[in-house]
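Working notes for the structure below.
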C-alpha cells in the first residue's frame with residue numbers, strides 16, 4: 001500500500017491506455033498519483049494553492065499535446081506563477097521541435113515517445129533526488145551527486161549556484177530549470193571557446209535528430225536576461241555568426 005507521505009506525482013496525459021499503464025507502475029513504485037487528461041483542468045489544479053503536506057506535488061509528468069491548454073502553455077504558466085515543481089515533458093519522437101519548445105518553456109527534462117518505462121522511472125527519480133538535494137543543501141555540504149563538480153561559478157557580480165539551481169545577481173535571485181543550469185555549466189566549462197548550436201542540442205539536451213538549430217536562439221535570449229547588464233548588447237554570452245555562441249567571463 002502506498003504511504004500517505006509518499007511523493008505525489010501528477011500525470012497529465014490524455015491517452016487513456018498510456019496513462020493507466022503509467023499510473024499502475026508509478027503506484028507500484030510507491031508513489032501517490034493524480035491523473036489529469038484535460039489541459040485546462042490540469043492547469044487549474046496545478047495553480048491552485050496547496051495548504052497541506054499531502055497536497056504537495058513532488059513532480060509532474062506532462063504530455064506536450066493535450067485537449068485544452070497544451071503542455072507547453074502549462075509549463076509557461078507555472079513558471080510565470082513562480083511554481084518550480086520539477087516537470088518531465090513527454091514529447092512525440094517525430095517532432096524534435098517539441099523538445100526545444102518544452103526546454104524554452106521551462107521544463108526540467110523531456111522524454112520522447114515511445115519510451116522505455118525504466119528510463120522514465122530513472123529520469124523521475126533523478127528529478128526527485130535533485131529536489132531533495134536542493135532542499136537539504138548548505139554551502140558546507142554540497143549535494144552528493146555534484147560534490148566533485150564546481151558548485152558555484154562567479155562572474156560580473158553574479159553567482160550561478162548549480163547545487164540549488166539559482167543565479168544570484170544584485171538585488172535579484174533567479175530560479176533556474178535543470179535545462180538552464182545544464183547549459184550554463186556547459187558554457188562556463190568552455191569559457192572562451194566557440195560552441196556550436198548543434199553541439200548544445202546534442203551534448204546538453206540530447207536532441208540528435210535533424211531540426212532547425214536556430215530555434216535555440218530564443219532560449220539564449222532568455223539566458224541573456226539573467227546574466228547580462230544589457231541583454232540587447234551582450235558581453236558575456238555572445239553570438240558567433242553562422243556557428244553558435246561563446247561565453248566570456250571577462251570580456
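In full-length UniProt numbering, the protein residues as written are 1 to 251.
Here a beta-carbon is modelled for each residue, glycine too, at the ideal position from N, C-alpha and C.
Along the beta strand (DSSP E) that carries residue i, what are the first and last residues, could you check?
{"i": "residue 35", "result": "32-36"}
Can you tell me which residues form a DSSP beta bridge with residue i?
{"i": "residue 162", "result": "None; residue 162 has no bridge partner."}
{"i": "residue 60", "result": "10, 87"}
{"i": "residue 237", "result": "247"}
{"i": "residue 204", "result": "For residue 204, which the question treats as bridged, DSSP gives no partner whatsoever."}
{"i": "residue 194", "result": "246"}
{"i": "residue 92", "result": "113"}
Start and end of the alpha helix (DSSP H) containing residue i?
{"i": "residue 152", "result": "Element bounds for residue 152: not the alpha helix (DSSP H) but the beta strand (DSSP E), 152-155."}
{"i": "residue 65", "result": "No alpha helix (DSSP H) holds residue 65; DSSP gives it neither H nor E."}
{"i": "residue 222", "result": "217-227"}
{"i": "residue 75", "result": "71-80"}
{"i": "residue 40", "result": "39-47"}
{"i": "residue 16", "result": "16-28"}
Relative to the C-alpha of residue i, which candidate in the options has its C-alpha closest?
{"i": "residue 163", "options": "157, 156, 170, 182", "result": "182"}
{"i": "residue 242", "options": "223, 8, 195, 187", "result": "195"}
{"i": "residue 112", "options": "202, 81, 99", "result": "99"}
{"i": "residue 12", "options": "31, 52, 168, 41", "result": "41"}
{"i": "residue 205", "options": "179, 217, 188, 228", "result": "179"}
{"i": "residue 52", "options": "68, 37, 5, 82", "result": "5"}
{"i": "residue 184", "options": "172, 154, 170", "result": "154"}
{"i": "residue 78", "options": "216, 175, 8", "result": "175"}
{"i": "residue 50", "options": "8, 226, 169", "result": "8"}
{"i": "residue 288", "options": "119, 108, 159", "result": "This structure leaves residue 288 out entirely; the chain is present only between 1 and 251."}
{"i": "residue 108", "options": "227, 85, 47", "result": "85"}
{"i": "residue 45", "options": "119, 197, 83, 18", "result": "83"}
{"i": "residue 172", "options": "225, 68, 240, 97", "result": "225"}
{"i": "residue 130", "options": "156, 177, 23, 38", "result": "177"}
{"i": "residue 25", "options": "101, 124, 245", "result": "124"}
{"i": "residue 189", "options": "169, 39, 16, 151", "result": "151"}
{"i": "residue 202", "options": "192, 27, 186", "result": "186"}
Per DSSP, what kind of secondary structure is residue i in: helix, strand or coil?
{"i": "residue 143", "result": "A caution first: residue 143 carries a pLDDT of 42, below 50, which makes its placement in the model unreliable, though a value can still be read off. Residue 143 falls in the coil class under three-state DSSP."}
{"i": "residue 243", "result": "coil"}
{"i": "residue 111", "result": "strand"}
{"i": "residue 169", "result": "strand"}
{"i": "residue 188", "result": "helix"}
{"i": "residue 175", "result": "strand"}
{"i": "residue 122", "result": "helix"}
{"i": "residue 137", "result": "Low confidence applies here, because residue 137 scores a pLDDT of 47, under 50, leaving its location unreliable; read the following figure in that light. If DSSP states are grouped into helix, strand and coil, residue 137 belongs with coil."}
{"i": "residue 148", "result": "Caution is warranted here: a pLDDT of 43 is assigned to residue 148, below 50, making its placement in the model unreliable, and the coordinate value is therefore given only provisionally. Residue state, collapsed to three classes: coil."}
{"i": "residue 231", "result": "coil"}
{"i": "residue 102", "result": "helix"}
{"i": "residue 5", "result": "coil"}
Drop a sphere of 10 angstroms on the beta-carbon of residue i, count the other beta-carbons inside from all chains shown, and report buried for 16 or more, exposed for fewer.
{"i": "residue 117", "result": "exposed"}
{"i": "residue 71", "result": "buried"}
{"i": "residue 33", "result": "buried"}
{"i": "residue 222", "result": "exposed"}
{"i": "residue 229", "result": "exposed"}
{"i": "residue 236", "result": "buried"}
{"i": "residue 233", "result": "exposed"}
{"i": "residue 227", "result": "buried"}
{"i": "residue 122", "result": "exposed"}
{"i": "residue 119", "result": "exposed"}
{"i": "residue 66", "result": "buried"}
Would residue i pass as an interface residue toward chain D - the criterion being a Cβ-Cβ separation below 9 Å?
{"i": "residue 109", "result": "Protein chains in the displayed structure number just one, and chain D is not present."}
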